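Per the numbering used here, the very first residue in the sequence shown carries number 1; after that it's consecutive.
Every residue, glycine too, gets a C-beta built ideally from N, C-alpha and C.
Every value quoted in this text rests on a predicted model; they were computed, and no experiment measured them.
Written out below as structure tokens is the structure these notes cover.
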Amino acid sequence: MIAENDRILLVDPRGKKYLMTVTNKIFHTNLGKLDISEIIGMSYGDKIQSHMGKNFSIIKPNIIDYIYMMKKMPQTINPDDACQVIANTGISSGDTVVEAGAGSGAMTLLLSYTVFPGKVYSYDINERFLKVAKENIDNYGKGNVEFKLKDIYEGIDEKDIDLVSLDLPEPHRVVGHAFEALRAGGFVFSFSPCIEQVIDFRREISKYDYSEVKTIETIIREYEVKERGTRPKTRMLGHTGFMTFARKI
């Protein structure tokens, strides 16, 4: 049963989504206005009707909804790329992660959910970005993230870390610090838009006892499926960035 202050996702007849908190307010859309207080006591899966007679479905939001709809500042890593971190490092509940380059907090949020009740330490030197990331995590997170206004190029405070996740202009400058902070078997990961960053990162990686080193990219191609024929959609998500992984041995 939905209570006041619960988070919901409203989906209109066209499939457009609206993420909100259940309060005593009127919500206006171009398909009519909704009295959100009427949702209190309803269940996920129920529908609420606008004053124009349009039905809106009420569903429970998940982490992907939060990532797509959170407040954005710099370019945000998309969930298709972010999920590769989980698939290629095996991080799980109870692990400890150090992240650098908090941005808007999208990656932070995914890491927070993945390792809960483990801990995420998020470094950034931009106070404005940290503020936005903290707001997003406070709104949607698990309460297991500690934000640090600190330059990770100068070192990592934590030890026995399971993953060091980097989204920085010069990730190669953190390779040595990551090696010292990681437990044996832990991973360092870097997301880089430019191949030059990857080359520098891989060169630095080769100076330490890292194994399972690889660089990948994610390319998503959605299909249009119809009775009379199936083909790839004209638009596709192409190159977004390079992801490099290495494991401490």
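- For the set 110, 51, 138, the Cα lying nearest the Cα of residue 84 is the one of 110.
- Residues of the same chain with a CB within less than 7 Å of the CB of residue 113, apart from the 5 flanking positions on each side, are 63, 142 in chain order.
- Short of 6 Å from the beta carbon of residue 59, and not among the five residues preceding or following it, lie these beta carbons of its own chain, in chain order: 9, 44.
- In chain order, 26, 27, 50, 51 place their CB closer than 7 Å to the CB of residue 33, counting only its own chain and leaving out the 5 sequence neighbours on each side.
- Straight-line spacing of the CA atoms in residue 24 and residue 48 works out to 15 Å.
- Here residue 105 has 133, 136, 137 as same chain residues with Cβ atoms under 6 Å from its own Cβ, once five neighbours each way along the sequence are excluded.
- In terms of Cα proximity to residue 12, the closest of 5, 20, 56, 224 is 56.
- When secondary structure is reduced to three states using DSSP, residue 203 falls in the helix class.
- Going by DSSP, residue 66 is part of the alpha helix (DSSP H) stretching over 63-69.
- A straight-line Cα-Cα distance of about 14 Å links residue 42 and residue 21.
- DSSP places residue 231 inside the beta strand (DSSP E), whose first and last residues are 229-232.
- Bounds of the alpha helix (DSSP H) holding residue 140 are 127-140.
- Straight through space, the alpha carbons of residue 199 and residue 234 are spaced by roughly 32 Å.
- Distance check between residue 129 and each of 71, 86, 169, 152 places 71 closest, using alpha-carbon atoms only.
- For residue 101 and residue 225, the gap between their C-alpha atoms comes out near 39 Å.
- Residue 247 and residue 165 have their alpha carbons spaced roughly 12 Å apart.
- Cα atoms of residue 161 and residue 167: separation of roughly 17 Å, rounded to the nearest angstrom.
- In the DSSP assignment, residue 49 forms a beta bridge with 55.
- Out of 186, 53, 79, the CA that lies nearest to the CA of residue 211 is found in 186.
- The beta carbon of residue 243 is closer than 6 Å to those of 84, 191, 216 in its chain, skipping five residues each way along the sequence.
- Around the beta carbon of residue 37, fewer than 16 other beta carbons lie within 10 angstroms, which makes this residue exposed.
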